[in-house]
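Numbering (the working numbering), first residue to last: 15 to 571.
Remarks on the structure that follows.
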Amino acid sequence: MGIEEIAKKYALINAIKFDGKASLKAVIGKVMAEVKGDAKEIVKIVREVVEEINKLSIEEQKKIAEKLGIEINEEKKKKEIKLPPLPDARKGEVVTRFPPEPNGYLHIGHAKAAVIDYEYARMYDGIFILRFDDTNPVNEKKEFYDAQKEDLKWLGIEWDKEYRTSDNLPKHYELAKELLERGCAYICTCSEEEIRKNRRLGKECACRNRKEQPWDEFFKMKEGEAVLRLKGDMKSQNTAMRDPILFRIIDHPHPIHGTRFRVWPTYDFYGAIEDSLSGITHPFRTKEYELRDEVYFYILDCLDLRKPHLMEFSRLSIKGMPVSKRKLKPLVEKKLVWGWDDPRLPTLRGLARRGILAEAIKEFVLLQGISKSESVVVFENLEAVNRKLLDGMAKRLFFVPEPVKVIVENAPEREAVLKYHPSINMGERKVETKGMFYIPASDASKFEKGSKFRLKDLYNVVVLEKNDVIKGEYAGDELLQIPKIQWVTEEHYEMEVVIPLLPFKNGEFDENSLKITKGYVEKNIDEIKHGEIVQFERFGFVRIEKDGKTRGIKAHD
Ligand code: ATP
Ligand code: MG
């Protein structure tokens, strides 16, 4: 597009937005961001175009815009992905929660839950609660509470209220006692094996029908000696209802409460109780809890507590990636990966480290939506969303993997002026060239004597001789249909780029899932900040790390 066309586009967009009168200043700003050249000249052209457009009526402007295929609501078009409405929901009255267990770092599956919970609260001007379900002291660590909060903030999620389930244990005890008194629960001293066997057979045990069920007694027992069970229905078709365990004894210090508690509720109990007492209207759970919904409502019924509207969505799975703390933890503990932030992992930290944007994660999980159908998605889907976002914000640079030397005869000495982005004004850099370059081995291997290629944004070269080094000759500036190859001169740095692949192959951890490519990068990498994501042309998007030596981590092509 020429300057005039670009000016016309922005003049029309601006005019239609502001009652038929485009602002010269606004249009100049837009045009300048897109085209380069003499500023005076640009202003002159834009002024003429804006004057023309402003002479027209808004109807005429709209007609022209339509004819030219100009999208007026371009800014608004940055589409908000819509979640379907919630059942039984009124504005101002929706309360949702995200309930992580502080036993590891958050992954993209948690992001799905957190984003959906958070977005629904926002959609209904409701309240979003962050609740730490910290009721298994064996797994939980203090560091994870803060780490999970940091990760949520990174995602752009804000909560209205935050609390720990463990702080409410005294209330849980009260309710447990009430369950016992109402004959809805019992203390069971059967072994784990017996419990399992009776469940299978649909058989009640003697503990169930004991008259005396003193709650205080339970506290005197040893770990493993007794559990508190719901009096459900041992013959129920739904095996979850066959007297599920509500409390167990765990002698292990808790990261917050130390040894204050040793009787801990199970998810069946605290999940229902907390959702109800904290006023959650629409608690989301993943689909695998479906069978436990009956237990959830049964407990609340026994205690005459308010019943929320349970919602579900499918668990997020990604092919070749473990989206589960249970599977991630051993990889970290056995040191098979760098840590929780290993770029192969779908933890938020791992994804961030390889240059996946928080915005991309949000958009990706909202695209999955709240469908219940189980589907394994491929990582490429997330890459596609990320690429679209990065494309308009990443500077482009030259990195030459596995470099091969090229000597060009009759090379004009030039100062190449390379734009950091072809269509968005991100500035430019200058590179002095003489007659020596490096290009990627993968390109060099395809050449033979007589092949022509173009050093990108510089000039053409014809190959004269090909050995370890390529000898070529300057072959003009004309743009031809030949490969355009990124290059560096003798002024370069050596650099490594880490390429994360899928950590699992055929269900097993793949030792070779981290590849390293060595190459040369142009010295302008000095301009790039630690943590910045750039696009190495014809190589891919790479996040640059500069703690100690400079290296790259590839996000994707
Ligand atoms: P993990 O196996 O990763 O530990 P979890 O469900 O035990 O999973 P929690 O910390 O208890 O982990 O989960 C907090 C919330 O995140 C829960 O509401 C859970 O439903 C949701 N969640 C966890 N993993 C996924 C996933 N893969 N897809 C969607 N939601 C998930
Ligand atoms: Mg859990």
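Just so you know, even glycine gets a beta-carbon here, dropped at the ideal spot from N, CA and C.
In this structure, the straight-line span from the alpha carbon of Ala21 to that of Val64 is close to 8 Å. Between the alpha carbons of Tyr132 and Asn252 lies a gap of roughly 32 Å.
Judged by pairs of C-beta atoms under 8 Å, the stretch 266 to 275 touches the stretch 166 to 183, as three or more such pairs exist. Lys402 and Phe158 have their C-alpha atoms some 32 Å from each other. In the assembly as shown, Ala240 is a buried residue. Its beta-carbon has 16 or more other beta-carbons within 10 Å.
Counting C-beta atoms within 10 angstroms of its own C-beta, Asn474 has 16 or more neighbours from the protein chains shown and is therefore classed as buried. The residues Leu144, in chain order, have a CB closer than 6 Å to that of Glu176 in the same chain once the five nearest residues on each side in sequence are set aside. A straight-line Cα-Cα distance of about 32 Å links Glu115 and His544.
Of the heavy atoms belonging to the ligand ATP, at least one sits nearer than 7 Å to the Cβ of Thr300.
Remark: fewer than three beta-carbon pairs, one from each stretch, lie closer than 8 Å, so the stretch 223 to 230 and the stretch 340 to 349 are not flagged as touching. The set of residues with a C-beta under 5 Å from any non-hydrogen atom of the ligand ATP comprises Pro114, Glu115, Gly123, His124, Lys126, Ala127, Thr300, Arg329, Leu330, Val337, Ser338, Lys339 and Arg340, given in chain order. Annotation: the continuous alpha helix (DSSP H) that includes Lys191 extends over Leu183 to Glu195. Here Met137 has no same chain residue with a Cβ atom under 6 Å from its own Cβ, once five neighbours each way along the sequence are excluded. Listed in chain order, the alpha helix (DSSP H) runs fully inside the stretch 418 to 463 are 455 to 458, counting runs of at least 4 residues. Taking Ala25 as reference, the option from Ile78, Ile530, Leu494 and Lys463 with the minimal CA-CA separation is Ile78.
Cβ contact annotation for Phe283 (same chain, cutoff 6 Å, sequence separation greater than five): Leu260, in chain order. Across the structure, Ile547 and Ala569 are spaced so that their CA atoms are roughly 9 Å apart. Excluding its 5 nearest sequence neighbours in each direction, Arg299 has C-beta neighbours in its own chain below 7 Å: Leu324 and Glu326, listed in chain order. Following the DSSP letters along the chain, one finds Ala489 in no alpha helix (DSSP H), marked with neither H nor E. With a contact defined as Cβ atoms closer than 8 Å, Gln500 and Lys466 miss out at about 16 Å. Tyr200: member of the beta strand (DSSP E) spanning Ala199 to Cys202, first to last residue.
Arg111 has its alpha-carbon roughly 10 Å from the corresponding atom of Gly293. Look at Glu164 here: in three-state DSSP terms it is helix. Lys419 and Ile484 do touch by the CB rule: their CB atoms are close to 7 Å apart, below 8 Å. Excluding five sequence positions before and after Pro184, none of the CB atoms of its chain fall closer than 7 Å to its own CB.
Between Gly140 and Val108, the C-beta gap is smaller than 8 Å, which places the two residues in contact.
Exclusion of the five residues before and after Ala366 leaves Trp168, Asp355 and Ala372 as the residues of its chain whose Cβ lies within less than 8 Å of its Cβ. Listed in chain order, the non-local C-beta contacts of Asp265 below 6 Å within the same chain comprise Glu237 and Arg276, local neighbours out to five positions each way being set aside. The beta carbon of Pro113 sits closer than 6 Å to the beta carbons of Arg145 and Asp147 from its chain, once the five residues preceding and following it are set aside; these are given in chain order. For Lys54, the enclosing alpha helix (DSSP H) starts and ends at Ala53 to Lys69.
When secondary structure is reduced to three states using DSSP, Pro297 falls in the coil class, being assigned neither helix nor strand.
When only Cα atoms are considered, Glu288 and Phe555 end up about 44 Å apart.
Annotation for Val548: the continuous beta strand (DSSP E) segment containing it runs Ile547 to Phe550.
Its chain contains Phe413 and Pro415 as the residues whose beta carbon lies nearer than 7 Å to that of Phe553, once the 5 sequence neighbours on both sides are disregarded; these appear in chain order. The beta carbon of Leu291 sits closer than 8 Å to those of Asn182, Lys185 and Leu319, all from its chain and outside the five residues before and after it, given in chain order. His266 is bridged by DSSP to nothing; it lacks a bridge partner.
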